[in-house]
Amino acid sequence: MDPQLEGLVQKIDGLRLRKIDVSDRSAAGPVVQQHGVRAVPMLVLYEGTRELSRDTRTIMMKLAESMGR
2 MDPQLEGLVQ
12 KIDGLRLRKI
22 DVSDRSAAGP
32 VVQQHGVRAV
42 PMLVLYEGTR
52 ELSRDTRTIM
62 MKLAESMGR
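Residues in the sequence shown are numbered consecutively from 2, following the working numbering.
Structure, rendered in structure tokens:
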């Protein structure tokens with residue numbers, strides 16, 4: 002999925018992709034708790050600071066819509 006997402010970042014103006022390494026639990030713990038990470042990989046779509054979706058299928062559909070597909 003990474004190549005797809007990275008391709009979308011290039012095509013959709015304003016889209017940002019952030020990856021968080023959760024393998025070091027002591028460093029990632031606060032971020033994991035703040036964002037409610039329960040599984041890896043996990044996608045969360047935000048608009049500004051508002052969470053729009055945590056469902057991968059929904060996120061990919063919304064991104065495709067943004068590209069006019």
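Virtual Cβ for every residue (Gly too), placed ideally from N, Cα, C.
Quiz prompt | DSSP state of leucine 6 mapped onto helix, strand, coil | solution = If you number the sequence shown from 1, residue 6 lands on position 5. Looking at leucine 6 - three-state DSSP - the assignment turns out to be helix.
Quiz item: Whose C-beta lies closer than 8 Å to the C-beta of isoleucine 13 among residues of the same chain, with five residues either side of it excluded?
Solution: Here residue 13 is taken as the residue at index 12 of the sequence shown, counted from 1. Here the set comprises Leu64, Ser67 and Met68.
Quiz item: When every heavy atom of the ligand NAP is checked, does at least one fall within less than 7 Å of the C-beta of valine 23?
Solution: For the ligand NAP, the structure offers nothing, since it holds no ligand at all.
Quiz prompt | N-terminal and C-terminal residue of the beta strand (DSSP E) that serine 24 is part of | solution = Here the question's residue 24 lines up with position 23 in the sequence shown. First-last for serine 24: undefined, no H or E at that position.
Quiz item: Alpha carbon to alpha carbon, what distance is there between valine 45 and alanine 28?
Solution: Locating residue 28 in the sequence shown gives position 27, where the first residue counts as 1. Locating residue 45 in the sequence shown gives position 44, where the first residue counts as 1. Each residue's Cα considered, the two are about 20 Å apart.
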